[in-house]
Amino acid sequence: KEWTKEERYRVLKNREEIVDLHERIKQSQYRQSYHIQPITGLLNDPNGFVFHKDKWHLFYQWCPWGAVHGLKYWYHTESSDLVHWDNKGICIHPDQDFDNKGAYSGSALVTNHSIYLYYTGNHRDEDWKRSSYTCLVNMRDDGTSHKYSKPLFGPHPSYTEHQRDPKIIYRKKEKMYYLLIGAQTADKKGCIIVYKSPYHNKEWTFAGQLNVPGFEDFGDMWECPSIEHIDDCDILIFCPQHLSIPSRGNNIHHNGYIIGHMDYDTLTFTPDGQFHVLDFGFDSYAAECAANINDQKKAILVAWMGLPDASYPTDDEEWSGCLTLPRELTVRKRRLIQRPLKQLETLRDKKINPFNRELPKCCEIDLRLHGNIDFNLFTKQDGSGGLMIHYDESQKHIYIDRSGMTNRFNKELGESQTRILDHPLNHLQIYIDASSIEIFVNDGDAVFTSRVFPTKEEHFFSIIGEGTMQIYTLKSSNGN
Ligand code: FRU
Numbered sequence: 002k003e004w005t006k007e008e009r010y011r012v013l014k015n016r017e018e019i020v021d022l023h024e025r026i027k028q029s030q031y032r033q034s035y036h037i038q039p040i041t042g043l044l045n046d047p048n049g050f051v052f053h054k055d056k057w058h059l060f061y062q063w064c065p066w067g068a069v070h071g072l073k074y075w076y077h078t079e080s081s082d083l084v085h086w087d088n089k090g091i092c093i094h095p096d097q098d099f100d101n102k103g104a105y106s107g108s109a110l111v112t113n114h115s116i117y118l119y120y121t122g123n124h125r126d127e128d129w130k131r132s133s134y135t136c137l138v139n140m141r142d143d144g145t146s147h148k149y150s151k152p153l154f155g156p157h158p159s160y161t162e163h164q165r166d167p168k169i170i171y172r173k174k175e176k177m178y179y180l181l182i183g184a185q186t187a188d189k190k191g192c193i194i195v196y197k198s199p200y201h202n203k204e205w206t207f208a209g210q211l212n213v214p215g216f217e218d219f220g221d222m223w224e225c226p227s228i229e230h231i232d233d234c235d236i237l238i239f240c241p242q243h244l245s246i247p248s249r250g251n252n253i254h255h256n257g258y259i260i261g262h263m264d265y266d267t268l269t270f271t272p273d274g275q276f277h278v279l280d281f282g283f284d285s286y287a288a289e290c291a292a293n294i295n296d297q298k299k300a301i302l303v304a305w306m307g308l309p310d311a312s313y314p315t316d317d318e319e320w321s322g323c324l325t326l327p328r329e330l331t332v333r334k335r336r337l338i339q340r341p342l343k344q345l346e347t348l349r350d351k352k353i354n355p356f357n358r359e360l361p362k363c364c365e366i367d368l369r370l371h372g373n374i375d376f377n378l379f380t381k382q383d384g385s386g387g388l389m390i391h392y393d394e395s396q397k398h399i400y401i402d403r404s405g406m407t408n409r410f411n412k413e414l415g416e417s418q419t420r421i422l423d424h425p426l427n428h429l430q431i432y433i434d435a436s437s438i439e440i441f442v443n444d445g446d447a448v449f450t451s452r453v454f455p456t457k458e459e460h461f462f463s464i465i466g467e468g469t470m471q472i473y474t475l476k477s478s479n480g481n
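Read left to right, the sequence shown gives residues 2 to 481 (the numbering used here).
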């Protein structure tokens, strides 16, 4: 479908306007049953992920009308266990001149009595010229949201129109708040610009551009930047765009991280190693972390299970996108480790017999193994087709290929991914939902996230290899 500008940027006046669409979409065989997904339209980046007064709050970029990047809202979901999520509705409406073409991505700060949401007001004038404003909404405990009538600040004149995705950070040591903003220099290099203030809601001043030695020419725009502090390490997480990474096929938009040391006085992030991608699968972008207040050695990460400039089989059904499962994030040997949360076990329903080779629509597979393996998921009954997981012990190569599926998509970005493991493969923990697969390798050493759209016939698996396998069907947790 071709969308006109009017259709993409149409303002949603009330819920009734999308009720029929929602009813239709609910019938889709690809509706997820335990992942966060939009009621209608398109979901992209997770935003403002925080814990406040016994509840996790997570927002996401949402365009109600269809699988198109048009007028964006912040949609709010809430959970007490990170497994069951309640849809709370729109939290930030793009209803001002400074955000007239979208309430773009950002982050959250928790104070004693409420949550502050920092976002980008995507403004365009009549000539479609863009200016980004850094804006603030206060979400109170009674659930009401109050948008500040003026932005905190406007675009910086020395950078191009690409300035967005504020990440709020408070530093006790400097007694200072910082906002990191993804940007593009005048000569089209990706970077991060930093603002600071002793207060969280006023008197912001430009502090400078973040120095990241060795990364001065690394993609042309850095989206969704963040600096996390986990287990005494500083971790710069961001999405460099239009960058070729040989091991990543033709995909040019990445989500990755650098471990190093952040000096807030000199605004220098000193890398202690190279750039690593966060996820080795096909569909993952714009990760957002929540701090774990009880354990400084762990954070929680969630990402958009999708990519910019890509399309998906449900686009024709007028919806697209979902979030990954929230994952426990830790640091081991200067690498990020992502594990499924322990509490996901509460979704387990029945343990099923693996011998009949049937793959339930929503399930968890736990495989302890050794040696080579050929594991094909979503095959037809005769074992043909499907998504292939191949492991070659002699080279410690794990190879994932989704070209055998009937529904193929984003072929031009590459249909297979390989990773060389640090240790021989001994564990795979796999979460399958109606249209996604998340493969956790060797206790969080690597994760492969991918959308998959199996046909009704593709619900079997075949396996050649040595080990033990458990399969659990999983209960639904999102009301679809
Ligand atoms: C990343 C992104 C952000 C922007 C948002 C708009 O996917 O392009 O940079 O704020 O999506 O929805």
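Every residue gets a Cβ at the ideal spot worked out from N, C-alpha and C, and that includes glycine.
DSSP-derived helix/strand/coil call for residue i
{"i": "I19", "result": "helix"}
{"i": "K148", "result": "strand"}
{"i": "P247", "result": "helix"}
{"i": "D383", "result": "coil"}
{"i": "K102", "result": "coil"}
{"i": "D317", "result": "helix"}
{"i": "N357", "result": "helix"}
{"i": "T469", "result": "strand"}
{"i": "E365", "result": "strand"}
{"i": "T347", "result": "helix"}
{"i": "E482", "result": "Beyond the ends of the chain as shown, which are 2 and 481, falls residue 482; an answer cannot be given."}
Check whether residue i and residue j have beta carbons under 7 Å apart
{"i": "L118", "j": "P95", "result": "no"}
{"i": "T474", "j": "P361", "result": "yes"}
{"i": "A184", "j": "Q164", "result": "yes"}
{"i": "I193", "j": "L181", "result": "yes"}
{"i": "D469", "j": "R340", "result": "Checking the sequence shown, residue 469 turns out to be Thr, not Asp. Against a cut-off of 7 Å, the Cβ pair of R340 and T469 comes out as no contact."}
{"i": "F276", "j": "L211", "result": "no"}
{"i": "N411", "j": "H424", "result": "no"}
{"i": "I464", "j": "F356", "result": "no"}
{"i": "G155", "j": "S108", "result": "no"}
{"i": "G122", "j": "P152", "result": "yes"}
{"i": "G257", "j": "D221", "result": "no"}
{"i": "W63", "j": "Y76", "result": "yes"}
Residue i beta carbon near the ligand FRU (any heavy atom closer than 6 Å)
{"i": "D166", "result": "yes"}
{"i": "Y105", "result": "yes"}
{"i": "Q242", "result": "no"}
{"i": "D46", "result": "yes"}
{"i": "K73", "result": "yes"}
{"i": "A287", "result": "yes"}
{"i": "Q185", "result": "no"}
{"i": "P65", "result": "no"}
{"i": "E224", "result": "yes"}
{"i": "P309", "result": "yes"}
{"i": "Q38", "result": "no"}
{"i": "Q62", "result": "yes"}
Nearest-angstrom Cα separation, counted from residue j out to residue i
{"i": "R358", "j": "T380", "result": "10 Å"}
{"i": "I301", "j": "K56", "result": "14 Å"}
{"i": "G445", "j": "K334", "result": "13 Å"}
{"i": "I37", "j": "S146", "result": "22 Å"}
{"i": "P226", "j": "R172", "result": "17 Å"}
{"i": "L59", "j": "D383", "result": "42 Å"}
{"i": "L237", "j": "D166", "result": "14 Å"}
{"i": "K27", "j": "C92", "result": "23 Å"}
{"i": "D126", "j": "E175", "result": "38 Å"}
{"i": "S437", "j": "R409", "result": "13 Å"}
{"i": "H243", "j": "K189", "result": "11 Å"}
{"i": "F52", "j": "W86", "result": "14 Å"}
{"i": "Y400", "j": "M306", "result": "20 Å"}
{"i": "T331", "j": "Y286", "result": "19 Å"}
{"i": "E79", "j": "S312", "result": "28 Å"}
{"i": "W4", "j": "V69", "result": "8 Å"}
{"i": "R502", "j": "V111", "result": "Any question about residue 502 goes unanswered here, given that the chain covers just 2 to 481."}
Item to check | Segment contact flag, the segment 362–369 with the segment 263–276, C-beta cutoff 8 Å, min 3 pairs | outcome: no
Next on the checklist: I want to know whether the segment 307–323 touches the segment 44–53 - three or more CB-CB distances under 8 Å.
Outcome noted: yes
Checklist entry - Would you call the segment 160–175 and the segment 250–261 touching, i.e. three or more CB-CB distances under 8 Å? => result no
Item to check | Inter-stretch contact at 8 Å, needing at least 3 Cβ pairs: the segment 436–453 / the segment 418–426 | outcome: yes
Item to check | the segment 135–145 / the segment 109–116 touching (three or more Cβ pairs under 8 Å) | outcome: yes
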